[in-house]
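Step one of this worksheet: look at the structure below.
Residue numbers (the working numbering), protein chains in the order written: chain U, 1 to 529; chain H, 1 to 370; chain B, 1 to 205.
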């Protein structure tokens, strides 16, 4: 480290006390808050999953009532989607985007703060409804994270209104965050960094931010329509008043499908950063990666009804959505091939981030294969609303998105903290997590094909063995995440000092900064050649 | 290597460790109709294509992991594009997808033609049971889960068709194109019988249709496939395909059953008859929510043991059961059960679990209350 | 990537103005997409009207001139009746099916009876199967156009006059017309949350 930087660090004053966090306008602190929030929610959502898997360990009802089981599955889905995956990616965006483009902070630092603090408020509401339910004060939301009408409108419990408010808060947080990301990327790139020189993680977040702005307002519209149907006499989804429950599904999935791409595009960006580093080779096909990401984002708007093949759509509709969904396999395949080509004839080492990245490529691809199977309409009639679907989306979201987040944390932790994490423990966390995730989710393919529907608290005897396997995998998976927690805390508190570069093959503006990155970095933008 | 075979290897190990290997169904079954066969065929085609692509892709990755490590490949190549290869791996997948789309389209088009059916059955999803109405015949009935609650609560040994058995099966004749017309009474349900390859949403206020032609007699089981509230997992479907002659006999027996049930509404019942019949009917229609012991589920379904309604005014009790309670989960059972069933249930509720009011409700009381 | 100190002032000035514009445009996009969500509602209805998706038949049709009757073709229409939830009416079609020639107006009847002891208003919702046939099923009179009020014990004959458009696709010769009667939102009294709670507390009613 040179003298200039050292001096800078000595004068690197951060605010102190609780005010530092409540009123933060610093992208690093806000990024940390998002990440810790997501990590906490991961354990809460995970605990709910463990109760679910404990109940499903054997046929028969042992632990919870069916009604409460529905609350568990609903809250588990809502927490994982809106409280873990999305905030974690936003946290990574906050930490990394300014450093990667050579900017001092996000474009709108105060709005950044509000975006974060809305989330504890939103989830406080949601989790409070669960606690109140346990205390006997009425049901928490119990209609699945997809909250179809009329189960959620006419038949929804009183907590549904809290749920609606909570979704509005989360939506506002996401939209504000997305506006911030776009403004930052468009206006604050260092001189010389034109769009096609941006790191690929920046590109994927750029595109994700546009998706967020396009579809979160539609979700807001859908829950507002629910609210007015429940309390203000409208009949959007009530056939008695001329409405249509199937229309709810169209509106929801118009949001819902881009939403799942929102949850995977940043993951693609992370993998595209990590693999070149540990292959010591540039990313293969940078521009086709950008175009592929943009195509996936565009296609995500025209496939929504593949979630609705059993609603009674005319054949023409079914065919259209089948074909458009099949098309998504093409750009996604391109990305997978590009990652493998990046590895090809590189000089590979397998530190923990690379292990997670490789596992991502293998296992996300597995989820992609089942996705292709699911979009074939006649076959989907047998898969829809079974555990085959549950297996598919957990492969793409857990061994896909969640693994990429873990990879990113291991990859960038030394930059954030200045300390190397414990590599042995990291690898232990990886192997336990990877193996247990497969023990947990792979059998779900089998029971789904054998006829087990989803969202049921009890099942016929022929599904018992695989459910037992899955439950064992679940508990190993859940407790293995405590290792991750330990590794992160240990790294924050100390460890082998990290260099600026951190990893031998690492490239990017963030790796030209010291480790830990100063509280204020790139206050003077670098000139990029 | 590890990463490729790990999930499969693990699954195999776990499978092999259990002696009753034959119980583990790993794959979809072809089923008994052209739908289910079509679904199975296209499922297998796509699955094998995915397997082949997987072998190629995972094979390449594994090769790279083994041979391009820093320890045995210390000088990384510098290439970062290759236009030919990129074009190939964009075009070839498109061709593969076309190869999948053509048979998939064919199978789907064959499935969606409901014309020229031989008979129709209206299937209505309720919370949490199915109702079958044979269009043009005077045969209609509810189909409730018949697995005893003791088995669900682990107080009794679970029998073979645990959770997949009902009191009244839906019966169809073989070799006839049966059209199913789906709707729902309350929320969205979905009717699914895997062996028939039929799954369709049942939507309140709307009619959906599908069809099946079963070539041979047999019993086929399915479940509700759309989250519909607390007992979504407890409303199965059992369909029996019978020969033409047996089907006609069954229709006749159903009509006779209904006539007998209607007639039973005219006679006067003894307390013993009411209690015996009431207990059976209560277990079928009421116990899922109010529980076999009448204790209910706190804050979800009220208990009937020691309750004001079961001990108090009889006409109020009859009103609640026959007309339901608007805005709650208590449905009106008037349209669902006949006078004799209702009288017996209410009598049972008023005298079981220590309620002991001594009240007897006759079917004629119900009739006048309607 | 090689980096060099740059001219800070220059970049800062450009940023402030550009950011404001970007934010305004994005907020506009947010507002537009929120409106689009609501616009999906009428768009969906228009789409259903035009294509008959979901089996929703349209509103009352009136003809300026009599349509041509296709005597050579017979379409069989089966009638179904359903009640939503616990609606205390009896509701059934007077005739279980009819065979019609496309283009010829026909009138059929449903019979509804209020078996409760209160006056009630109901709303009938029609549905046609196959869904695509709905576009060809035109009603000139239907009890589903308005809410129907029945006094306690009252039984009423409810007519539907319709014409099957002769352009109905060749393969569709068997149609289903189904009505579901819902309690109209006027009559439907929902319990307040505290009323519901009092039903469930202490396991007692």
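Backbone N, C-alpha and C define an ideal beta-carbon position, used for all residues, glycine too. Please read all numbers here as calculations on a predicted model, not as lab measurements.
- For the stretch 151–165 of chain B, no residue has a beta-carbon sitting nearer than 9 Å to a beta-carbon of chain U.
- Unbroken alpha helix (DSSP H) stretches of 4 residues or longer found wholly inside the stretch 16–44 of chain U: 17–22, given in chain order.
- If you draw a straight line from the Cα of residue 81 (chain H) to the Cα of residue 285 (chain U), it is about 5 Å long.
- Within the stretch 80–105 of chain U, complete alpha helix (DSSP H) segments of at least 4 residues are found at 86–101, given in chain order.
- Closest option to residue 315 (chain H), judged by alpha-carbon separation, among H:172, H:39, H:147, H:369: H:369.
- Identification of residues in the stretch 157–188 of chain U having a C-beta nearer than 7 Å to some C-beta of chain B yields 158, 175, 179, 182, 183, 186, 187, 188, given in sequence order.
- Shown here, residue 36 (chain H) sits in a helix according to DSSP, grouped into three states.
- At a Cβ-Cβ threshold of 7 Å, residue 265 (chain U) and residue 208 (chain U) count as neighbours.
- DSSP lists B:122 as the beta-bridge partner residues of residue 183 (chain B).
- Contact between residue 161 (chain B) and residue 107 (chain B) holds, since their C-beta atoms are separated by about 4 Å, short of 8 Å.
- Contact of residue 58 (chain H) with chain U by beta-carbon distance below 7 Å involves 362.
- Neighbourhood of residue 203 (chain H) in chain U, by CB distance below 9 Å: 239, 244, 245, 246, 311, 312, in chain order.
- Here residue 141 (chain H) carries a strand assignment [DSSP, helix/strand/coil].
- The stretch 221–235 of chain U and the stretch 155–169 of chain U touch, with no fewer than 3 CB-CB distances between them shorter than 8 Å.
- With at least 16 other beta carbons inside 10 angstroms of its own, residue 408 (chain U) counts as buried.
- Taking C-beta atoms as the reference points, residue 195 (chain H) and residue 31 (chain H) count as a pair closer than 7 Å.
- Separation of residue 466 (chain U) and residue 360 (chain U) (C-alpha to C-alpha, rounded to the nearest whole angstrom) is 24 Å.
- For the C-beta of residue 361 (chain H), not a single chain B residue is nearer than 8 Å; the gap to the nearest is close to 17 Å.
- Taking the C-beta atoms as reference points, residue 271 (chain H) is found no nearer than 7 Å to residue 330 (chain H).
- Taking all protein chains shown into account, residue 153 (chain B) has fewer than 16 neighbouring C-beta atoms within 10 Å of its C-beta and is therefore exposed.
- When C-beta distances to chain U are compared with 8 Å, the residues of the stretch 280–299 of chain H below that value are 297, 298, 299, in chain order.
- Excluding residues up to 5 positions away in sequence, 246, 249 lie with their Cβ nearer than 7 Å to the Cβ of residue 311 (chain U) in the same chain.
- One alpha carbon belongs to residue 203 (chain H), the other to residue 183 (chain H), and they sit about 5 Å apart.
- By the criterion of at least three beta-carbon pairs nearer than 8 Å, the stretch 294–308 of chain U is not in contact with the stretch 435–449 of chain U.
- Proximity of the stretch 235–245 of chain U to the stretch 118–127 of chain B meets the contact definition, three or more beta-carbon pairs being nearer than 8 Å.
- Annotation: Cβ neighbours of residue 23 (chain B) in chain U (cutoff 7 Å, chain order): 179, 183.
- Closer than 8 Å at the C-beta level to chain H, one finds these residues of the stretch 103–118 of chain B: 115, 116.
- Taken through DSSP and simplified to helix, strand or coil, residue 177 (chain H) comes out as coil.
- Three or more beta-carbon pairs separated by less than 8 Å are not found between the stretch 183–193 of chain U and the stretch 152–161 of chain U, which leaves the two stretches without contact.
- Chain U has no Cβ within less than 7 Å of the Cβ of residue 30 (chain H).
- Around the beta carbon of residue 100 (chain B), 16 or more other beta carbons lie within 10 angstroms, which makes this residue buried.
- The closest CA to that of residue 127 (chain U), considering only U:45, U:94, U:81, is found on U:45.
- In this structure, residue 287 (chain U) lies away from residue 415 (chain U), with their beta-carbon atoms at least 7 Å apart.
- Under a criterion of Cβ atoms nearer than 7 Å, no residue of chain H is adjacent to residue 57 (chain U); the nearest Cβ is some 12 Å distant.
- Just so you know, the alpha carbons of residue 170 (chain B) and residue 102 (chain B) end up roughly 11 Å apart.
- Residue contact with chain B for residue 186 (chain H): present (Cβ-Cβ distance below 7 Å to some residue of chain B).
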